[in-house]
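Engineer: Can you keep this structure in mind? I'll have questions shortly.
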Amino acid sequence: MKVPHLRLSSLRLLSTLLLSILYFSLSAQSDTQVTLVDMEMVPLVGVQIYSNDYTYTGVSDINGNWMIPANVGEDEKFTFKYVGYQSMSFTKSEISGMYQYVKMSQGLKLDEVMIVGRTDQLASEMIHRVETISQADILRVQSSNSADALGQNADIFIQKSQAGGGSPVIRGFEANKVLLVLDGVRMNNAIYRSGHIQNAITVDNSMLQGIEVIYGPGSLMYGSDALGGVVHFRSKDPVRSFDKEGSIRFLANAGISYASANSKKGIHLDFNLGGRKLGSLTSLTYNDFGDLKSGINRPNKYLGFGGRDWYVETLNGEDRQVINDDPDLQLGTRYQQYDFTQKLVYEVNDKLDLMANFQYSTSSDIPRYDALTELRDGLPRYAEWNYGPQNRFLSTLQAKWKSPNPLFDKAKVIVAYQNIGEDRINRRFQSASRRHQEETVDVYTFTLDINKYLDKYEMIELKYGLEYNHNDVNSVAFGQDINTGDKDTNVFTRYPSAVSSTDALGAYVYSSFKNDLGTKLFGGLRYTANGISVRYDRADKFTWPEEFYDGLTTENQAVTWSFGVRQDIFKKWTIQALLGSAFRSPNVDDLAKVRINSDEVSVPNLGVTPEKSINAEISISRKLGFANISVTGFYTALSDVIVRENFVLPDGTEFLEDEGEQLQVVANVNADKARIVGASFNADWKLTKHWV
5 MKVPHLRLSS LRLLSTLLLS ILYFSLSAQS DTQVTLVDME MVPLVGVQIY
55 SNDYTYTGVS DINGNWMIPA NVGEDEKFTF KYVGYQSMSF TKSEISGMYQ
105 YVKMSQGLKL DEVMIVGRTD QLASEMIHRV ETISQADILR VQSSNSADAL
155 GQNADIFIQK SQAGGGSPVI RGFEANKVLL VLDGVRMNNA IYRSGHIQNA
205 ITVDNSMLQG IEVIYGPGSL MYGSDALGGV VHFRSKDPVR SFDKEGSIRF
255 LANAGISYAS ANSKKGIHLD FNLGGRKLGS LTSLTYNDFG DLKSGINRPN
305 KYLGFGGRDW YVETLNGEDR QVINDDPDLQ LGTRYQQYDF TQKLVYEVND
355 KLDLMANFQY STSSDIPRYD ALTELRDGLP RYAEWNYGPQ NRFLSTLQAK
405 WKSPNPLFDK AKVIVAYQNI GEDRINRRFQ SASRRHQEET VDVYTFTLDI
455 NKYLDKYEMI ELKYGLEYNH NDVNSVAFGQ DINTGDKDTN VFTRYPSAVS
505 STDALGAYVY SSFKNDLGTK LFGGLRYTAN GISVRYDRAD KFTWPEEFYD
555 GLTTENQAVT WSFGVRQDIF KKWTIQALLG SAFRSPNVDD LAKVRINSDE
605 VSVPNLGVTP EKSINAEISI SRKLGFANIS VTGFYTALSD VIVRENFVLP
655 DGTEFLEDEG EQLQVVANVN ADKARIVGAS FNADWKLTKH WV
């Protein structure tokens with residue numbers, strides 16, 4: 005909330021910062037340990053370390069620690085490289101005499117060397133505008149969750165309807181028009197909605213190696229949904245030991261955090277075991293979020309904004325509206341979350357690496373705060389409104405081939421399975437019936453990405469790949485009497501009651517050319533075919549047309565393209581221009597959802613077709629040594645935009661009665677056109693060697 009008094013708002017901001025009260029690291033190995041630090045003894049995370057002949061490579065851990073290998077001579081020289089710092093080289097003997105600390109001096113350059121995108125390319129070689137958030141950035145701001153880490157570090161707005169939310173907005177696009185990716189696997193599924201989403205908070209920010217934001221349409225590489233951009237979360241990988249044969253590298257980190265704004269209490273533990281071939285990383289995180297406190301300084305026109313004047317209390321089956329003794333305490337925002345990660349990496353040989361990735365996130369009930377504060381005829385509309393435990397399970401197997409051959413130089417295959425559970429539980433004020441809507445989505449994914457240089461100077465690169473994605477949606481609903489426990493199945497399911505599924509198959513080819521004059525040309529094509537199948541149960545509360553019970557299928561296809569040019573001038577100026585198309589295929593949520601919201605009820609419309617866009621943008625950036633400055637302008641033309649308009653039920657009626665309320669029937673339809681014009685200005689600069 006914005007307030008007019010800077011000094012008071014600053015005090016309020018300080019009270020909401022997460023305070024890290026304990027963070028320690030344990031390291032056990034026979035070799036000597038040193039810590040990489042800056043000139044003020046702050047540990048440096050992720051310093052790259054390698055010997056002169058590259059027989060040894062490594063990185064400093066989350067606390068800046070590094071083990072000096074025991075099996076090298078005293079004259080062996082090691083080089084230390086870190087973004088924004090001067091590279092340094094020392095012999096093993098010199099390092100051993102530094103009393104456990106290697107100090108690195110900050111440079112004044114801000115060169116970007118992050119690896120980004122689906123095919124792991126340098127950010128400096130991307131045609132799109134890219135913003136990267138490092139692990140150090142995430143640790144520095146101590147965000148409550150991954151959505152907050154995005155909002156506090158990137159040029160992104162995060163929408164929140166309740167404390168347990170966090171919906172990224174990029175260039176005016178939100179929810180299912182922004183693609184979320186985790187470790188190379190798309191998170192968007194068949195029930196991602198056009199309204200606000202909360203799925204980003206299921207990614208454990210304590211385990212993130214970094215986040216990258218790719219601005220603008222990304223359908224060429226990622227397929228459907230990437231109209232506004234792509235948010236790619238990358239979790240930390242296991243660290244193997246590169247020291248003498250048989251050595252085991254053990255690292256452990258633990259942390260406790262507290263936030264005063266919502267009495268948040270968090271605990272995190274992760275530990276790494278690494279040998280020469282096999283590495284394991286295990287992580288556990290628990291967060292307990294209390295009720296959020298709002299700011300007390302409000303504009304005169306909105307003195308009650310953000311206040312919680314009342315709440316509903318239920319005693320002996322009776323609901324009553326109760327005055328809140330502390331209106332600045334937003335009762336109905338507390339929840340808990342648990343996160344578990346297990347990753348295994350195995351080097352089969354010098355050509356092939358395998359990685360298994362298992363992640364599980366679950367929560368308590370998460371109150372929907374905006375619904376719990378809604379009034380109807382002067383009385384609370386709801387006594388209860390919770391998102392049930394939000395469950396996300398991910399398992400992937402990734403294979404990386406890293407030895408050039410006549411067909412490709414690098415290849416990456418990912419096979420993934422996800423299981424997502426979302427529940428909605430609500431009860432009207434002074435009603436005995438508690439309504440449950442429970443959704444389960446099973447997602448099966450296969451991706452193949454191949455890189456090949458077409459010349460010996462590596463100036464022309466060809467990338468191509470395949471992707472297949474299948475979703476199964478199971479939707480059930482029932483009512484339950486809070487006094488007797490009796491169940492009533494005559495309740496709307498949110499999605500088709502019998503079965504619904506989606507299939508997407510895509511193939512892309514992408515080529516780039518660069519020369520010694522700083523010119524880079526990019527271009528590519530992608531073909532995608534999508535299909536959706538839905539079927540309804542005859543026991544539904546609605547009476548559907550006969551074909552709804554037999555099953556309906558809708559299919560669509562899309563060809564997208566992208567072309568661009570990047571020109572580096574004297575390694576200081578960069579000019580980029582991009583022209584491309586994108587699309588978003590309607591999913592089960594768009595086509596077949598039944599949802600009550602305010603005075604409306606959404607009903608299925610299987611005639612909805614894909615949204616399409618054409619995007620043009622130009623960007624100019626300048627490196628000044630102590631600063632990076634960039635200006636970007638973009639224009640997006642949208643067609644067949646999916647919007648919600650008044651509709652009719654199969655029997656021709658325009659209104660539906662539900663628990664005594666008359667609801668206007670609406671549905672998603674394709675509108676004509678829309679356009680978005682925007683610009684952004686970004687500047688990063690170093691005030692001194694110790695401030696950025």
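Mapping of the sequence shown onto the working numbering: residues 5 to 696, in sequence order.
Glycine included, C-beta positions come from ideal geometry on N, C-alpha and C.
These numbers were taken from a predicted model, which means no experiment stands behind them.
(1) Tell me the DSSP bridge mates of Thr-136?
(2) In whole angstroms, give me the CA-to-CA distance for Val-652 and Gly-121.
(3) DSSP three-state label for Glu-80, please.
(4) Ordered along the chain, which non-local residues of its own chain (more than five positions away) have a Cβ less than 6 Å from that of Tyr-639?
(5) If Ile-131 and Gln-580 are in contact, beta carbons under 8 Å, what's the gap, nearest whole angstrom?
(6) Kindly list the residues whose CB is nearer than 8 Å to the CB of Arg-539, restricted to its own chain and excluding five residues on each side of it in sequence; keep chain order.
(7) Could you check the C-alpha separation between Met-191 and Asp-329 for me, to the nearest Å?
(8) Taking the alpha helix (DSSP H) that Lys-96 falls in, what are its first and last residues?
(9) On a CA-only basis, which of Gly-637, Leu-126, Val-41 is nearest Phe-84? Give me that one, please.
(10) Going by DSSP in three states, Ser-589 sits in which element: helix, strand or coil?
(11) Can you tell me whether Trp-577 is buried or exposed, with buried defined as 16 or more other CB within 10 angstroms of its CB?
(12) For the beta strand (DSSP E) containing Gln-90, name the first residue and the last one.
(13) Can the beta-carbon of Ile-218 be found closer than 8 Å to that of Gly-233?
(14) Mind reading off the beta-carbon distance from Ile-162 to Ala-179? Whole number of angstroms is fine, and I expect it under 8 Å.
(15) Here's the rule: buried if 16 or more other CB atoms are within 10 angstroms of the residue's CB, otherwise exposed. What is Lys-524?
(16) Could you check if Met-225 is buried or exposed, using at least 16 other CB atoms within 10 Å of its CB as the buried criterion?
(17) Using only the alpha-carbon positions, how far apart do Asp-655 and Arg-439 sit?
(18) Mind checking Ser-14: buried by the 16 CB within 10 Å criterion, or exposed?
(19) Name, in chain order, the residues that DSSP records as bridge partners for Asn-2.
(20) How long is the line joining the alpha carbons of Ala-586 and Pro-73, rounded to whole angstroms?
(21) Cβ of Ser-210 versus every heavy atom of the ligand NAD: is any distance shorter than 7 Å?
(22) Closest by CA to Tyr-196, which one among Val-647, Val-445, Lys-460?
(23) For Tyr-58, count neighbouring C-beta atoms within 10 Å of its own C-beta (all shown protein chains included) and say buried if the count is 16 or more, exposed if not.
(24) What is the DSSP secondary structure of Tyr-58, reduced to helix, strand or coil?
(25) When you compare only the Cα positions, how much space is there between Leu-583 and Gly-568?
(26) Quick one: what does DSSP say Lys-677 is sitting in, helix, strand or coil?
(27) Does Leu-623 pass the burial test, meaning 16 or more other C-beta atoms within 10 Å, or should it be called exposed?
(28) Apart from the five residues on each side of it in sequence, which residues of its chain come closer than 6 Å, Cβ to Cβ, to Trp-389?
(29) Between Gln-484, Trp-548, Ala-543, Gly-469, which lies nearest to Thr-532 when the distance is taken from Cα to Cα?
(30) Please identify the residue among Ser-210, Asp-676, Ala-140, Met-211 whose C-alpha is closest to the C-alpha of Val-51.
(31) Going by CA-CA distance only, name the one from Glu-465, Val-447, Leu-411 that's closest to Asn-478.
(32) Among residues of its own chain, excluding the 5 on either side of Ile-618, which ones have a beta-carbon nearer than 6 Å to its beta-carbon?
(33) Do the region 205-221 and the region 508-522 touch if we need at least three Cβ pairs shorter than 8 Å?
(34) Would you mind sorting Lys-297 into buried or exposed? The rule is 16 or more other CB atoms within 10 Å of its CB.
(35) Counting pairs of beta carbons, one from the region 303-316 and one from the region 264-272, are three or more of them closer than 8 Å?
(36) Within 10 angstroms of the Cβ of Lys-491, are there 16 or more other Cβ atoms? Answer buried if so, exposed if not.
Structural biologist: Reading from the atomic positions:
(1) The count along the sequence shown starts at 1 and reaches residue 136 at position 132. DSSP output for Thr-136 lists Glu-216 as bridge partner(s).
(2) Locating residue 652 in the sequence shown gives position 648, where the first residue counts as 1. Locating residue 121 in the sequence shown gives position 117, where the first residue counts as 1. Val-652 and Gly-121: Cα-Cα distance of roughly 44 Å.
(3) Here the question's residue 80 lines up with position 76 in the sequence shown. If DSSP states are grouped into helix, strand and coil, Glu-80 belongs with coil.
(4) In the sequence shown, counting from the first residue as 1, residue 639 sits at position 635. For Tyr-639, where only same-chain residues beyond five positions count, the Cβ hits under 6 Å are Ala-620, Val-681.
(5) Along the sequence shown, read from residue 1 onward, the residue named residue 131 stands at position 127. Along the sequence shown, read from residue 1 onward, the residue named residue 580 stands at position 576. Contact holds; Cβ gap of about 6 Å.
(6) For the purposes of this step, residue 539 is identified with residue 535 of the sequence shown, where counting begins at 1. Only Pro-500, Ala-502, Val-503, Ser-504, Phe-552, Tyr-553, Asp-554, Gly-555, Leu-556 meet the Cβ criterion.
(7) Along the sequence shown, one-based indexing puts residue 191 at 187. Along the sequence shown, one-based indexing puts residue 329 at 325. C-alpha separation (whole angstroms): 41 Å.
(8) On the sequence shown, residue 96 is found 92 positions in, with the first residue counted as 1. 96-100 is the extent of the alpha helix (DSSP H) around Lys-96.
(9) If you number the sequence shown from 1, residue 84 lands on position 80. Nearest of Gly-637, Leu-126, Val-41 to Phe-84, Cα basis: Val-41.
(10) Translated into the one-based positions of the sequence shown, residue 589 becomes position 585. Coil at Ser-589, not helix or strand.
(11) Here residue 577 refers to the residue found at position 573 of the sequence shown. By the neighbour-count rule (16 or more Cβ atoms within 10 Å), Trp-577 is not buried but exposed.
(12) For the purposes of this step, residue 90 is taken as residue 86 along the sequence shown, with counting starting at 1. Counting along the chain, Gln-90 falls outside any beta strand (DSSP E), and DSSP gives it neither H nor E.
(13) As a working note, residue 218 is residue 214 in the sequence shown. As a working note, residue 233 is residue 229 in the sequence shown. Yes. Within cutoff.
(14) Reading the sequence shown from its first residue, position 158 is the one you call residue 162. Reading the sequence shown from its first residue, position 175 is the one you call residue 179. Contact flag wrong, Cβ pair sits at about 12 Å.
(15) Counting from 1 along the sequence shown, the entry for residue 524 is found at position 520. The residue is buried, with at least 16 neighbouring Cβ atoms inside 10 Å.
(16) By one-based count along the sequence shown, residue 225 stands at place 221. Its Cβ being crowded by 16 or more others within 10 Å, Met-225 is buried.
(17) Taking the sequence shown and counting its residues from 1, one reaches residue 655 at position 651. Taking the sequence shown and counting its residues from 1, one reaches residue 439 at position 435. Rounded to whole angstroms, the gap between the alpha carbons of Asp-655 and Arg-439 is 25 Å.
(18) The residue labelled residue 14 in the question sits at position 10 within the sequence shown. Only weak support is given to the placement of Ser-14: the predicted model assigns it a pLDDT of 38, under 50, and the value that follows is read from those uncertain coordinates. Exposed, since its Cβ has fewer than 16 Cβ neighbours within 10 Å.
(19) In this structure the chain extends from 5 to 696, so residue 2 is not present and cannot be described.
(20) Here residue 586 refers to the residue found at position 582 of the sequence shown. Here residue 73 refers to the residue found at position 69 of the sequence shown. The straight-line gap from Cα to Cα measures roughly 50 Å.
(21) Ligands are entirely absent from the displayed structure, and the ligand NAD is therefore not among its contents.
(22) Taking the sequence shown and counting its residues from 1, one reaches residue 196 at position 192. The option with the nearest alpha carbon to Tyr-196 is Val-445.
(23) Locating residue 58 in the sequence shown gives position 54, where the first residue counts as 1. It counts as exposed.
(24) As a first step, residue 58 is located in the sequence shown; it is residue number 54 there, counting from the start. Three-state DSSP puts Tyr-58 in coil, outside helix and strand.
(25) Within the sequence shown, residue 583 is the residue found at index 579, counting from 1. Within the sequence shown, residue 568 is the residue found at index 564, counting from 1. The alpha-carbon atoms of Leu-583 and Gly-568 are separated by roughly 6 Å.
(26) In the sequence shown, the residue the question calls residue 677 occupies position 673. It is a strand residue.
(27) One-based indexing of the sequence shown puts residue 623 at position 619. The sequence as given places Ser at residue 623; Leu does not occur at that position. Flag for Ser-623 reads buried.
(28) One-based indexing of the sequence shown puts residue 389 at position 385. If we look at Trp-389 and ignore the five residues flanking it on each side, its Cβ neighbours are Arg-372, Ala-375, Leu-376, Asn-430.
(29) For this step, residue 532 is matched to residue 528 along the sequence shown. Cα-wise, what sits closest to Thr-532 is Gly-469.
(30) To locate residue 51, count along the sequence shown from 1; it is residue 47. Val-51 has its Cα closest to that of Ala-140, out of Ser-210, Asp-676, Ala-140, Met-211.
(31) One-based indexing of the sequence shown puts residue 478 at position 474. Answer by Cα proximity: Val-447.
(32) Numbered from 1 along the sequence shown, position 614 holds the residue referred to as residue 618. Only Ser-585, Ala-641 meet the Cβ criterion.
(33) no
(34) By 1-based counting over the sequence shown, the position of residue 297 is 293. By the 10 Å Cβ count, Lys-297 comes out buried.
(35) no
(36) As a first step, residue 491 must be located in the sequence shown, where it is residue number 487. Counting Cβ neighbours within 10 Å, Lys-491 comes out exposed, since fewer than 16 surround it.
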